[in-house]
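*Asks:* Okay, so the sequence shown: first residue is 0 according to numbering that gives the first Met the number 0, each after it adds one.
One structure, pasted below without further comment.
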Amino acid sequence: MNDSDNDVGDVESSALKKDPDVALVSDAESNANILSLKRGLYPLALHRRSKAMRLRHINMYRHFPASHSAQFHLSSKTTTMIKHMVHHIYKNSALSVTFQLSFPQIAFEHPFVMQALLALTALHIAYLEPEQRLSHAAEASRYHSLSLQGFNEALKHATDETANELFTWSSLNLLYVFGLSGRLGEGLWEESELGNRKDRILGLGWIPMLRGVQTILSPSFYTLKGGPLGELMSIGNWDDLDVEQANHIEDQYFCQTRDVWKDLSDAQTYEDTLHVLRRCRMYSAQFSGQAESPDGSIFNRSWQGAFLLVPFAPESYFTLLRQRQPPALILYAFYGALLHRFNNDSWFMEGWGYDIVEVVSDLLGSYWREWIAWPIEVVGLYNKQ
Numbered sequence: 000m001n002d003s004d005n006d007v008g009d010v011e012s013s014a015l016k017k018d019p020d021v022a023l024v025s026d027a028e029s030n031a032n033i034l035s036l037k038r039g040l041y042p043l044a045l046h047r048r049s050k051a052m053r054l055r056h057i058n059m060y061r062h063f064p065a066s067h068s069a070q071f072h073l074s075s076k077t078t079t080m081i082k083h084m085v086h087h088i089y090k091n092s093a094l095s096v097t098f099q100l101s102f103p104q105i106a107f108e109h110p111f112v113m114q115a116l117l118a119l120t121a122l123h124i125a126y127l128e129p130e131q132r133l134s135h136a137a138e139a140s141r142y143h144s145l146s147l148q149g150f151n152e153a154l155k156h157a158t159d160e161t162a163n164e165l166f167t168w169s170s171l172n173l174l175y176v177f178g179l180s181g182r183l184g185e186g187l188w189e190e191s192e193l194g195n196r197k198d199r200i201l202g203l204g205w206i207p208m209l210r211g212v213q214t215i216l217s218p219s220f221y222t223l224k225g226g227p228l229g230e231l232m233s234i235g236n237w238d239d240l241d242v243e244q245a246n247h248i249e250d251q252y253f254c255q256t257r258d259v260w261k262d263l264s265d266a267q268t269y270e271d272t273l274h275v276l277r278r279c280r281m282y283s284a285q286f287s288g289q290a291e292s293p294d295g296s297i298f299n300r301s302w303q304g305a306f307l308l309v310p311f312a313p314e315s316y317f318t319l320l321r322q323r324q325p326p327a328l329i330l331y332a333f334y335g336a337l338l339h340r341f342n343n344d345s346w347f348m349e350g351w352g353y354d355i356v357e358v359v360s361d362l363l364g365s366y367w368r369e370w371i372a373w374p375i376e377v378v379g380l381y382n383k384q
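Laid out in C-alpha cells, this is it:
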C-alpha cells in the first residue's frame with residue numbers, strides 16, 4: 000500500500016464500516032427534520048466507492064497545524080484546499096475568522112465534523128473546476144453521507160458539552176445544502192426521490208433542515224453564545240429594528256404585495272411573513288457602505304439577513320409555500336431578491352436568488368407576474384433575453 004492509500008486515515012476508517020442508511024435518532028421532531036434532509040441530499044449515484052475516487056478527494060486541500068493534519072493523515076494539498084475554502088466563506092466579513100479558525104479547530108477534534116468540512120471543500124472544488132463539477136460534487140455527497148452518520152450518533156448524546164461540534168456541523172451542513180441543492184448539484188438528483196428542480200428551489204430540502212437545526216440546538220443557545228462560536232449566534236440589532244419607520248423605496252415594493260392577500264383567510268400569515276422579510280431587508284441593508292470597526296464591535300452581518308426568514312416566519316407560511324399558493328410564491332420571490340442582493344457573492348449561494356425568482360415567475364404565470372416586477376428587476380431575469 001502506498002502513501003496515498005494511507006492518506007485516507009482516521010477520517011474515514013470508522014465511518015466506512017457503518018451502514019450508509021444508519022438509523023436516525025428517535026426523537027420525533029428532530030428525526031422528522033433530519034430525515035427530510037437525508038432523503039433530500041443523498042444522490043443515488045454514490046453506492047460504490049472506487050479506489051480512484053478515494054485517492055482523488057484526499058488530494059483536495061492545505062494550511063493547518065502539522066500535528067492536526069498528521070492526526071487525520073491529510074495531505075498538504077488537502078489542508079491547503081480546506082484553508083482556501085473556509086477563507087471564502089463570507090470573506091467580506093470579519094466574522095469569516097470564525098470559519099477560518101474555530102471551525103477547523105473543532106473539526107480536527109471530531110471526525111464527523113471533519114467529514115462535513117471535507118464535503119464542503121469538495122463542493123468548493125466543484126465550483127472552482129466546473130469541468131469536473133459532477134465528479135467533485137459526487138465526492139462531496141459521499142463525504143456528507145458519512146458525516147451525517149456521525150452527526151446522528153452525536154445527537155443521541157447531545158449535551159451542552161457537545162453543542163459546539165453539533166452547531167459547527169449544522170453550520171457547515173447548511174452551506175453544503177445550499178451549494179448542492181442549487182446549481183452545483185444539478186445532474187446528481189433523482190427526480191422521484193428528491194423532487195424536481197422547482198421543489199428544491201422552493202426549499203424542499205433546506206427549509207425543513209434549517210428548522211430542524213433550530214429545534215435541535217435551541218436548548219444549548221446560551222452555551223453556544225458564550226463559546227468560541229458566539230458571534231455566529233448573535234443577530235445584532237435585529238430585535239431593535241422598526242420596519243414601520245422604514246422609508247426606503249424598496250420597502251414600499253414589499254408593502255405593495257399586501258393587496259394580493261387582503262381578503263384571504265391566511266392574510267395574517269402572509270402579513271407576519273411580510274414583516275419578517277421587510278426586517279430582513281432592513282437588517283442587511285444597514286451594512287451597505289458601513290466599515291467594520293477595528294475592535295470588532297461592528298461586523299458586516301449583511302449575509303445573515305437572508306438566513307433569518309426561516310427561524311422567524313410562521314411555520315404556516317412554509318406550508319402555503321409548499322402548496323404553491325400565489326401570495327406565498329410572491330413573497331418567496333422577494334426573498335429571492337434579497338438573496339441575490341446580499342448573498343450572491345458567496346460561492347455556495349451564487350445563483351440562488353436568480354433561480355428562485357425564475358422558478359416563481361414560471362409558476363405564477365403572466366397573471367401574477369406584475370406583483371414580482373421588483374424581484375425580476377433585481378435579479379435581471381429577462382436581461383439575458
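Virtual Cβ for every residue (Gly too), placed ideally from N, Cα, C.
In this text the structure is predicted, and so the values were computed from the model without any measurement.
1. Here's the rule I'm using: 16 or more other beta-carbon atoms within 10 Å means buried, otherwise exposed. How should residue 257 be labelled?
2. Considering only C-alpha positions, which residue in the set 366, 353, 75 and 370 is nearest to residue 197?
3. Report all residues from its chain with a CB closer than 7 Å to the CB of residue 184; omit the five preceding and five following residues, and keep chain order.
4. If you draw a straight line from the alpha carbon of residue 265 to that of residue 320, how long is it in whole angstroms?
5. Looking at residue 394: is its Cβ nearer than 8 Å to the Cβ of residue 116?
6. Quick one: give me the first and last residue of the alpha helix (DSSP H) that residue 158 is part of.
7. Does residue 318 pass the burial test, meaning 16 or more other C-beta atoms within 10 Å, or should it be called exposed?
8. Since residue 239 is in the alpha helix (DSSP H), which residue starts that stretch and which ends it?
9. Taking just the CA atoms, how far does residue 326 sit from residue 378?
10. Residue 329 and residue 259: beta carbons closer than 8 Å?
11. Can you grab the Cα-Cα spacing for the pair residue 143 / residue 368, in whole Å?
12. Tell whether a beta-carbon distance below 8 Å holds between residue 225 and residue 163.
13. For the stretch 165-176 and the stretch 196-210, state whether three or more C-beta atom pairs, one from each stretch, are separated by less than 8 Å.
14. Leaving out the 5 sequence neighbours to the left and right, which residues in its chain are closer than 7 Å to residue 52 when beta-carbon positions are compared?
15. Out of 376, 149, 280 and 230, point me to the one whose CA is closest to residue 305's CA.
16. For residue 365, count neighbouring C-beta atoms within 10 Å of its own C-beta (all shown protein chains included) and say buried if the count is 16 or more, exposed if not.
17. Is it buried or exposed, residue 156, if we count other Cβ atoms within 10 angstroms and call 16 or more buried?
18. Quick check: the Cα distance between residue 111 and residue 263, rounded to an integer number of angstroms?
19. Specify the secondary structure class of residue 121 as computed by DSSP and reduced to three states.
20. Quick one: grab the DSSP three-state call for residue 373.
21. Kindly indicate which residue of 244, 238 and 338 has the alpha-carbon position closest to the one of residue 181.
22. Relative to the alpha-carbon of residue 242, which residue among 270, 357 and 223 has its alpha-carbon at the smallest distance?
23. Rounding to the nearest angstrom, what Cα-Cα distance links residue 246 and residue 314 in this structure?
24. Taking Cβ positions, are residue 332 and residue 359 nearer each other than 8 Å?
25. Would you tell me roughly how many angstroms separate the C-alpha atoms of residue 381 and residue 109, rounded to the nearest one?
26. Please go through the same chain and pick out, in chain order, the residues whose beta-carbon is closer than 6 Å to the beta-carbon of residue 64, but skip the five residues on each side of it.
27. Which term fits residue 158, buried or exposed, when burial requires 16 or more other beta carbons within 10 angstroms of its beta carbon?
28. At what residues does the alpha helix (DSSP H) containing residue 221 begin and finish?
29. Excluding the 5 residues preceding and the 5 following residue 341 in the sequence, name in chain order all residues of the same chain whose CB lies nearer than 7 Å to its CB.
30. Give the single residue among 335, 152, 232 and 81 whose Cα lies nearest to the Cα of residue 376.
31. Can you tell me which of 274, 237, 268 and 251 puts its alpha carbon nearest to the alpha carbon of residue 285?
*Replies:* For this structure:
1. Locating residue 257 in the sequence shown gives position 258, where the first residue counts as 1. Residue 257 comes out exposed.
2. If you number the sequence shown from 1, residue 197 lands on position 198. Residue 197 has its Cα closest to that of 353, out of 366, 353, 75 and 370.
3. Numbered from 1 along the sequence shown, position 185 holds the residue referred to as residue 184. Taken in chain order, the residues that qualify are 136.
4. Position 266 of the sequence shown holds residue 265. Position 321 of the sequence shown holds residue 320. Straight-line Cα distance between these residues: approximately 12 Å.
5. The requested residue 394 is not part of the displayed model; the chain covers only 0 to 384.
6. Residue 158 sits at position 159 when you count from the first residue of the sequence shown. Counting along the chain, residue 158 falls outside any alpha helix (DSSP H), and DSSP gives it neither H nor E.
7. Counted from its first residue, the sequence shown places residue 318 at position 319. So residue 318 counts as exposed.
8. Translated into positions along the sequence shown, residue 239 becomes position 240. No alpha helix (DSSP H) contains residue 239, which DSSP labels as neither H nor E.
9. Position 379 of the sequence shown, counting from 1, holds the residue named residue 378. Position 327 of the sequence shown, counting from 1, holds the residue named residue 326. One C-alpha to the other measures close to 20 Å.
10. Along the sequence shown, one-based indexing puts residue 329 at 330. Along the sequence shown, one-based indexing puts residue 259 at 260. Their beta carbons are under 8 Å apart, which means residue 329 touches residue 259 by this criterion.
11. Your numbering for residue 143 matches position 144 in the sequence shown. Your numbering for residue 368 matches position 369 in the sequence shown. If I take the Cα positions, the gap works out to 38 Å.
12. Here residue 225 refers to the residue found at position 226 of the sequence shown. Here residue 163 refers to the residue found at position 164 of the sequence shown. Contact: no.
13. Short answer: they touch.
14. In the sequence shown, counting from the first residue as 1, residue 52 sits at position 53. Residue confidence is low: residue 52 scores 35 on pLDDT, short of 50, so the model does not pin down where it sits. Its coordinate-derived value is still stated next. Around residue 52: 138.
15. Position 306 of the sequence shown, counted from the first residue, corresponds to residue 305. Out of 376, 149, 280 and 230, 280 has the C-alpha closest to the C-alpha of residue 305.
16. Here the question's residue 365 lines up with position 366 in the sequence shown. That one is exposed.
17. The residue labelled residue 156 in the question sits at position 157 within the sequence shown. The residue in question, residue 156, is exposed, as its Cβ has fewer than 16 Cβ neighbours within 10 Å.
18. Within the sequence shown, residue 111 is the residue found at index 112, counting from 1. Within the sequence shown, residue 263 is the residue found at index 264, counting from 1. One alpha carbon belongs to residue 111, the other to residue 263, and they sit about 47 Å apart.
19. If you number the sequence shown from 1, residue 121 lands on position 122. Residue state, collapsed to three classes: helix.
20. The count along the sequence shown starts at 1 and reaches residue 373 at position 374. In the structure shown, residue 373 sits in a helix (DSSP, three-state: H, G or I).
21. As a position in the sequence shown, residue 181 is number 182, starting the count at 1. Measuring C-alpha to C-alpha distances from residue 181 to each of 244, 238 and 338 identifies 338 as the nearest.
22. Residue numbering aside, residue 242 sits at position 243 when the sequence shown is read from its first letter. Residue 270 is the option with its Cα nearest to residue 242.
23. Translated into the one-based positions of the sequence shown, residue 246 becomes position 247. Translated into the one-based positions of the sequence shown, residue 314 becomes position 315. Cα to Cα, residue 246 sits roughly 28 Å from residue 314.
24. Here the question's residue 332 lines up with position 333 in the sequence shown. Here the question's residue 359 lines up with position 360 in the sequence shown. Contact flag set, yes.
25. Numbered from 1 along the sequence shown, position 382 holds the residue referred to as residue 381. Numbered from 1 along the sequence shown, position 110 holds the residue referred to as residue 109. The alpha-carbon atoms of residue 381 and residue 109 are separated by roughly 47 Å.
26. Numbered from its first residue, the sequence shown carries residue 64 at position 65. Its pLDDT being 41, under 50, residue 64 is placed unreliably by the model, and nothing is read from it.
27. For this step, residue 158 is matched to residue 159 along the sequence shown. Exposed, because fewer than 16 other Cβ atoms sit within 10 Å of the Cβ of residue 158.
28. For the purposes of this step, residue 221 is taken as residue 222 along the sequence shown, with counting starting at 1. It spans 220-224 - the alpha helix (DSSP H) in which residue 221 sits, taken as one unbroken run.
29. The residue labelled residue 341 in the question sits at position 342 within the sequence shown. Closer than 7 Å at the Cβ level, and outside the excluded window around residue 341, lie 283, 301, 302, 304 and 305.
30. As a working mapping, residue 376 is identified with position 377 in the sequence shown. For residue 376, the nearest C-alpha among the options comes from 335.
31. As a position in the sequence shown, residue 285 is number 286, starting the count at 1. The candidate whose alpha carbon is nearest that of residue 285 is 237.
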